Amino acid sequence: MEKEDVLDDKSSTAFKINWSSSNIPSNFVVNNTLPPSLAHSYSHQTLLGHGQQFSKKLLPSRTKFRTHATVKVSPMGHDHLAERKLRDSVQKSDTSTLFELINKGVNVSGADSKHRTALHFAAAQGNAQTLKVLLENGANPNAKDLNGNTPLHLAACTNQVKIVTLLLQAGSDVNASDFSGKTPLDLANSRLRILYGNQNIRGKPSIYCEEVKQVIEMIKAYMSRLGNTKAEETLDQLCSMLGDSTTTEEVDEVHSLLASFTAMNLSHSAEDRK
Numbered sequence: 007m008e009k010e011d012v013l014d015d016k017s018s019t020a021f022k023i024n025w026s027s028s029n030i031p032s033n034f035v036v037n038n039t040l041p042p043s044l045a046h047s048y049s050h051q052t053l054l055g056h057g058q059q060f061s062k063k064l065l066p067s068r069t070k071f072r073t074h075a076t077v078k079v080s081p082m083g084h085d086h087l088a089e090r091k092l093r094d095s096v097q098k099s100d101t102s103t104l105f106e107l108i109n110k111g112v113n114v115s116g117a118d119s120k121h122r123t124a125l126h127f128a129a130a131q132g133n134a135q136t137l138k139v140l141l142e143n144g145a146n147p148n149a150k151d152l153n154g155n156t157p158l159h160l161a162a163c164t165n166q167v168k169i170v171t172l173l174l175q176a177g178s179d180v181n182a183s184d185f186s187g188k189t190p191l192d193l194a195n196s197r198l199r200i201l202y203g204n205q206n207i208r209g210k211p212s213i214y215c216e217e218v219k220q221v222i223e224m225i226k227a228y229m230s231r232l233g234n235t236k237a238e239e240t241l242d243q244l245c246s247m248l249g250d251s252t253t254t255e256e257v258d259e260v261h262s263l264l265a266s267f268t269a270m271n272l273s274h275s276a277e278d279r280k
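No gaps in the numbering here: position 148 of the sequence shown is 154 in my numbering, and each next residue is one more.
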């Protein structure tokens, strides 16, 4: 390459354009200013003086101008980053950041590369507070990850009775529960057995009562989704009995009735699937 020319003419004008020299006609007339959008990968230096006009292409490394590299993020990229931040806030139980992002209009059902939404994380962690916030702001309770798991799947397989109840009340698909295909009735039956065998819980009537109440609420939400009003009425009666229970023996009585109710409906469900 020839040695760079020294420009002494004060009337010279410099600018950047992204045209190659092969595209510039010999009689090309250059104005003193060009739209900024034309400037990009190459530089051209134009001299205007003594009635002569010419262009000389310079490689970017030869230019006298200082440039700054910038990274432009598309609107879609900004959305993706905001959705990831929202999921992170749920995993960290950071409700302050969660509310801030929701107020900014961030999509609460945005999924990661494995199609997991913020609701999946909240359900798996058993975080009722963040789960409620997400549901109240339009999170999809039936979103599926790459394995086909809904938030209800994750809540059921981790024995999150309260979370299962909230998801059912929000409209989760009753035909999807956990990885083995069990329904909330299976979870209720299992939970009741655990409660009865746990002497630490049974030895504290108030805690025992609350645990059984959560199981009742979950089964009621499930029956409501099925449209079984008769079962809902039965569960309301059991809940009323539980409210009057103050001793372990009284809670045991409600527990026993609820276990029988659950077993009977499990049997009916099995027959319906045949």
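Note that beta-carbon positions come from the ideal geometry of N, C-alpha and C, so glycine has one too.
No experiment lies behind these values; they were computed from the predicted model shown.
- The three-state secondary structure of Lys91, taken from DSSP, is helix.
- Residues of the same chain with a CB within less than 7 Å of the CB of Ile213, apart from the 5 flanking positions on each side, are Ile207 in chain order.
- The straight-line gap separating the alpha-carbon atoms of Val257 and Met247 is approximately 9 Å.
- Counting only the Cα atoms, Pro147 lies some 8 Å from Leu158.
- Judged by their CB atoms, Met224 and Glu238 are not nearer to each other than the 7 Å cut-off.
- Sequence-distant Cβ neighbours of Leu174 in its own chain, meaning closer than 8 Å and more than five residues away, are Leu158, Val180, Pro190, Met224, Ala227, Tyr228, Ser230, Arg231.
- With a cutoff of 7 Å on beta-carbon distance, Leu92 and Val112 are scored as near each other.
- About 4 Å separates the Cβ atoms of Thr103 and Ser95, confirming a contact at the 8 Å cut-off.
- Runs of beta strand (DSSP E) with 3 or more residues, each lying fully within the stretch 90-128, are absent.
- DSSP, read as helix, strand or coil, puts Pro147 in coil.
- Within the same chain, and ignoring the five residues on either side of Lys138 in sequence, the residues whose Cβ sits closer than 7 Å to its Cβ are Leu172.
- For Asp242, the enclosing alpha helix (DSSP H) covers residues 235-249.
- The residue from Gly233, Thr235, Leu244 with its alpha-carbon nearest to that of Glu216 is Leu244.
- Using a Cβ distance threshold of 7 Å, Val221 and Ala194 count as a contacting pair.
- When the five nearest sequence neighbours on each side are left out, the beta carbons in the same chain lying within less than 7 Å of the beta carbon of Arg197 are those of Asn165, Val167, Val221, in order along the chain.
- When the five nearest sequence neighbours on each side are left out, the beta carbons in the same chain lying within less than 8 Å of the beta carbon of Ala269 are those of Asn195, in order along the chain.
- In its chain, beyond the 5 residues on either side, Val114, Ser115, Leu125 have a beta carbon closer than 6 Å to the beta carbon of Ala145.
- It is roughly 34 Å from the alpha-carbon of Lys150 to the alpha-carbon of Asn204.
- In the three-state reduction of the DSSP assignment, Gln166 falls in the coil class, being assigned neither a helical nor a strand state.
- When only Cα atoms are considered, Lys188 and Leu160 end up about 12 Å apart.
- Straight-line measurement puts the Cα of Asn143 at about 8 Å from the Cα of Ile108.
- The C-alpha of Leu241 is placed about 12 Å away from the C-alpha of Asn271.
- In this structure His261 is buried. Its beta-carbon is surrounded by 16 or more other beta-carbon atoms within 10 angstroms.
- Taking Glu89 as reference, the option from Gly233, Phe267, Thr123, Asn234 with the minimal CA-CA separation is Thr123.
- Around Asn153, the same chain offers no residue with a beta carbon nearer than 6 Å, after the five sequence neighbours per side are excluded.
- Ala227: member of the alpha helix (DSSP H) spanning 211-232, first to last residue.
- Classified as buried, Ser251 has 16 or more neighbouring CB atoms from the shown chains inside 10 Å of its CB.
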